[in-house]
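First the structure, in the form of structure tokens, and then the observations on it.
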Amino acid sequence: MKNLARRMNQEEEVFIFTRSPLNGHQHLELRQEKREGLELTKVHIDPRALVDFRSTYQRDEVDVIFRNYLLEKKPDLVHIHHLGGLSLGMIRVADELGIPVILTSHDHHPFCPRGQRIRDDKRVCQKILLDECLECLKPQTVGLNLPAKLAMYFLAKEKGLELLREMHKEIKRQLERVYLIISPSNFHAQKIIEAGAPPEKVMVLPFGLDLSLVEIVPPRPKGTRIKKFGYLGTLIPSKGVEDLILAFRKMKYKDCELHIYGEAVPYHGLYDYEKRLKEMCYGLPVYFHGPY
Numbered sequence: 005m006k007n008l009a010r011r012m013n014q015e016e017e018v019f020i021f022t023r024s025p026l027n028g029h030q031h032l033e034l035r036q037e038k039r040e041g042l043e044l045t046k047v048h049i050d051p052r053a054l055v056d057f058r059s060t061y062q063r064d065e066v067d068v069i070f071r072n073y074l075l076e077k078k079p080d081l082v083h084i085h086h087l088g089g090l091s092l093g094m095i096r097v098a099d100e101l102g103i104p105v106i107l108t109s110h111d112h113h114p115f116c117p118r119g120q121r122i123r124d125d126k127r128v129c130q131k132i133l134l135d136e137c138l139e140c141l142k143p144q145t146v147g148l149n150l151p152a153k154l155a156m157y158f159l160a161k162e163k164g165l166e167l168l169r170e171m172h173k174e175i176k177r178q179l180e181r182v183y184l185i186i187s188p189s190n191f192h193a194q195k196i197i198e199a200g201a202p203p204e205k206v207m208v209l210p211f212g213l214d215l216s217l218v219e220i221v222p223p224r225p226k227g228t229r230i231k232k233f234g235y236l237g238t239l240i241p242s243k244g245v246e247d248l249i250l251a252f253r254k255m256k257y258k259d260c261e262l263h264i265y266g267e268a269v270p271y272h273g274l275y276d277y278e279k280r281l282k283e284m285c286y287g288l289p290v291y292f293h294g295p296y
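Position one of the sequence shown corresponds to residue 5 (our numbering), numbered consecutively onward.
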């Protein structure tokens, strides 16, 4: 993403609008910064500021902020890479201002709010079935305290299903406004079309990858053992970091190291995941390097 923006910025004017954790800032506070010649506007989002299930995918206050941003910047095109933590309505805002919208689908969001179509027990959802989404997301309980959550979970499942149906209707309404949906592979294109993406708008375009940094790494001498292992990615349960650590604990050779690069973002009510992972690594040569 960074390399794409830097390359485009050589010929066009590029502005980036993104969400950011609070990090000491107020919910919905805006902050601008310059990074490597690119102007970033960050809206700080408190993931716990959820009134109801609708606010997990539609934040009216974010739509207002984004509208004012577009009126100020006056872009010719809006290219959306992810709306998690932001608002589906940002598509409508750009469309109503007459700005074409391209959406790159990096995962299964927004059809699966968790993004990966993987449940807590690590089962993969081959199809999006609302009855299974109900058990995974428990939409009728969002924004409630624990006793109310328990009561609503058992007594209001039909309401939960209705909330999920309305979410998918809203996804369909917004995707109809998109000019083009880019998928990185044929497989992913098939999956998002099955989930509800309009097939006539979906285009397959593989991700580019800058190999220059990899190419300068000297080759490992023949016959030597691999001693350093690495993980690069977001630290969330569905990425399998726990499985990697458990496997590393069983390593036959004890002179190996595991280096983990990535940020532990708030993930559907889970706010201490990095702490849990570090506790799993007690006594192991495992090193956390944070965001990259």
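Glycine included, C-beta positions come from ideal geometry on N, C-alpha and C.
{"query": "Please work out which residues of its chain come closer than 7 Å, Cβ to Cβ, to MET171, disregarding the five sequence neighbours upstream and downstream, and give them in chain order.", "result": "TYR61"}
{"query": "On the premise that ARG181 lies in contact with ARG96, defined as a C-beta separation below 8 Å, what is that separation, rounded to the nearest angstrom?", "result": "6 Å"}
{"query": "Hey, ALA268 and TYR277: beta-carbon distance below 8 Å or not?", "result": "yes"}
{"query": "Beta carbon of PRO289, beta carbon of GLU261: below 8 Å?", "result": "yes"}
{"query": "Hey, quick one: how far does the beta strand (DSSP E) through LYS142 stretch, first residue to last?", "result": "Counting along the chain, LYS142 falls outside any beta strand (DSSP E), and DSSP gives it neither H nor E."}
{"query": "For the alpha helix (DSSP H) holding ARG169, just list the boundary residues, first then last.", "result": "161-179"}
{"query": "Taking three-plus beta-carbon pairs below 8 Å as touching, is the region 216-235 in contact with the region 105-120?", "result": "no"}
{"query": "Identify the continuous alpha helix (DSSP H) that holds GLY93 and give its terminal residues.", "result": "93-100"}
{"query": "What is the DSSP secondary structure of ARG253, reduced to helix, strand or coil?", "result": "helix"}
{"query": "Can you give me the C-alpha to C-alpha distance between LEU168 and LEU179, rounded to a whole angstrom?", "result": "17 Å"}
{"query": "Please work out which residues of its chain come closer than 6 Å, Cβ to Cβ, to HIS113, disregarding the five sequence neighbours upstream and downstream, and give them in chain order.", "result": "GLY88 and GLY119"}
{"query": "Below 8 Å on the Cβ atoms is my contact criterion, and I expect TYR271 with PRO295 to pass it. Report the Cβ-Cβ distance as a whole number of Å.", "result": "Going by Cβ atoms, the distance from TYR271 to PRO295 rounds to 15 Å, so no, they are not a contact pair."}
{"query": "Considering only DSSP beta bridges, list what ILE186 is partnered with.", "result": "THR108 and MET207"}
{"query": "Between the C-alpha atoms of HIS83 and ILE196, what's the straight-line distance to the nearest angstrom?", "result": "18 Å"}
{"query": "If you measure between the beta carbons of ILE249 and HIS293, is that distance less than 8 Å?", "result": "no"}
{"query": "Excluding sequence positions up to five away, which residues of its chain have a Cβ less than 7 Å from the Cβ of LEU141?", "result": "PRO117"}
{"query": "Grab the span of the alpha helix (DSSP H) containing PHE70 for me, first residue to last.", "result": "64-77"}
{"query": "Is the beta carbon of GLY200 sitting closer than 8 Å to the one on ILE175?", "result": "yes"}
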